[in-house]
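Visitor: Shown below is the structure under consideration.
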Amino acid sequence: MSAELQMEQVKVRYGGFTALNHVTLHVPARTTLGLVGESGSGKSTLARAVAGLLVPDEGRMSLGGRPLEKRRSREQRKQIQMIFQNPDASLNPRHSVRRILSEALRFHNMTRGRVQTEQRCLELLERVRLSADSLDKYPHEFSGGQRQRIAIARALSVEPELLIADEPTSALDVSVQRSVLELFREIREELNLTVLFISHDLGVIHAVSDTVAVMRQGELLELAPKEAFFAQPQTNYGRELLAAVPKMPTASGLVR
Ligand SMILES: Nc1ncnc2c1ncn2[C@@H]1O[C@H](COP(=O)(O)OP(=O)(O)OP(=O)(O)O)[C@@H](O)[C@H]1O
Ligand SMILES: [Mg+2]
């Protein structure tokens, strides 16, 4: 399942400060938008507005043609799932993986009964390449990369239409980043999800995106197909960003 995300003239202010300034953005269904920009440019603010974690001051948003209002229905909260930079902040350390995954399933009535829930938990673990014996373990028994896989499994458990990932690999070692990025590519292809993927790392953006969006100071400066952006950014700022990428192999394999 997958749906188009539309944002029209969305504005977010924190007190007197404008963090998002009339952003208009369309993410077609089943594509990954890579959102890049310097620290403080408003990437997380955009993500939080779409996820319903904050309410924009102006503008309209919709998913699959249905408006995303101030108050989201339970169905809409299910449709949009978010993955954060630090899995430790989003996984309860006192809950086993079985409990973490099955609570999300039960909350949204995704499964009936213990056997079906267990079955679905095992499928989810397989999807994120964790072994079945992970079910009875606790978050501290995993590496950072594995914990991020648990967070991804939980996000996928409710069969979302839009997945928002805010710097999901930034806290991980480069070697681990690569395998988590590979997982994102698989997810996009196999589950046909629409993905909003945020990173300040252009190598990471190159690895996962279909389309690249560049933000600066709360504005959307540039929006282009990945190949077009990496061949020739249309703005000076886009060119600066690209020029700053080290000419070295990165986690994503981008060599310049
Ligand atoms: N709750 C808040 N109250 C006031 N200002 C905020 C709040 N959250 C963010 N800001 C400010 O809004 C701007 C955009 O922040 P945001 O977190 O969206 O940036 P970002 O692009 O995600 O940056 P980073 O790459 O560092 O994560 C920044 O100047 C930030 O200081
Ligand atoms: Mg951020």
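Residues 778 to 1033, numbered by this note's numbering, are exactly what the sequence shown covers, in order.
Note that beta-carbon positions come from the ideal geometry of N, C-alpha and C, so glycine has one too.
Small disclaimer: the values here were computed from a predicted structure and weren't measured.
Does DSSP put D913 in a helix, in a strand, or in coil?
Guide: DSSP places D913 in helix when its eight states are reduced to three.
Visitor: Would a check of beta-carbon distances place A932 closer than 8 angstroms to chain D?
Guide: Of the protein chains in this structure there is only one, and it is not chain D.
Visitor: Counting pairs of beta carbons, one from the stretch 924-938 and one from the stretch 856-867, are three or more of them closer than 8 angstroms?
Guide: The stretch 924-938 is in contact with the stretch 856-867.
Visitor: Is the beta carbon of R993 closer than 8 angstroms to that of E815?
Guide: Taking 8 angstroms as the Cβ cut-off, E815 and R993 qualify as a contacting pair.
Visitor: Beta carbon of S821: closer than 7 angstroms to some heavy atom of ligand 2?
Guide: Answer for S821: yes, Cβ within range of ligand 2.
Visitor: By the DSSP assignment, the beta strand (DSSP E) with A942 in it spans what residues?
Guide: Per DSSP, A942 belongs to the beta strand (DSSP E) from 939-943.
Visitor: Would you be able to state if there are at least three C-beta pairs under 8 angstroms between the stretch 825-844 and the stretch 921-930?
Guide: These segments do not touch.
Visitor: CA-CA distance, V989 and S908?
Guide: If I take the Cα positions, the gap works out to 34 angstroms.
Visitor: How far does the beta strand (DSSP E) with L812 in it reach, from first residue to last?
Guide: Segment 809-814, the beta strand (DSSP E) holding L812.
Visitor: Distance, Cα to Cα, L918 vs D950?
Guide: The identity of residue 918 in the sequence shown is Glu, whereas the question assumes Leu. Cα to Cα, the separation comes out at about 17 angstroms.
Visitor: Take the Cβ of Q783 as the centre, count every other Cβ of all protein chains shown within 10 Å, and call the residue buried at 16 or more, exposed below.
Guide: When all chains shown are included, Q783 counts as buried.
Visitor: Is H983 helix, strand or coil by DSSP?
Guide: If DSSP states are grouped into helix, strand and coil, H983 belongs with the helices.
Visitor: Do three or more CB pairs link the stretch 899-907 to the stretch 822-835 at distances below 8 angstroms?
Guide: Short answer: they don't touch.
Visitor: I'd like to confirm something about S867: is its beta-carbon nearer than 7 angstroms to some heavy atom of ligand 1, or not?
Guide: Flag unset: Cβ of S867 not near ligand 1.
Visitor: Go through its chain and collect everything with a Cβ distance to V832's Cβ below 8 angstroms, but skip five positions before and after it.
Guide: Excluding sequence neighbours, V832 sits near A826, K847.
Visitor: Return the chain-ordered list of same chain residues with a C-beta closer than 6 angstroms to the C-beta of P1010, the five sequence neighbours on each side being excluded.
Guide: Only R1016, L1019 meet the Cβ criterion.
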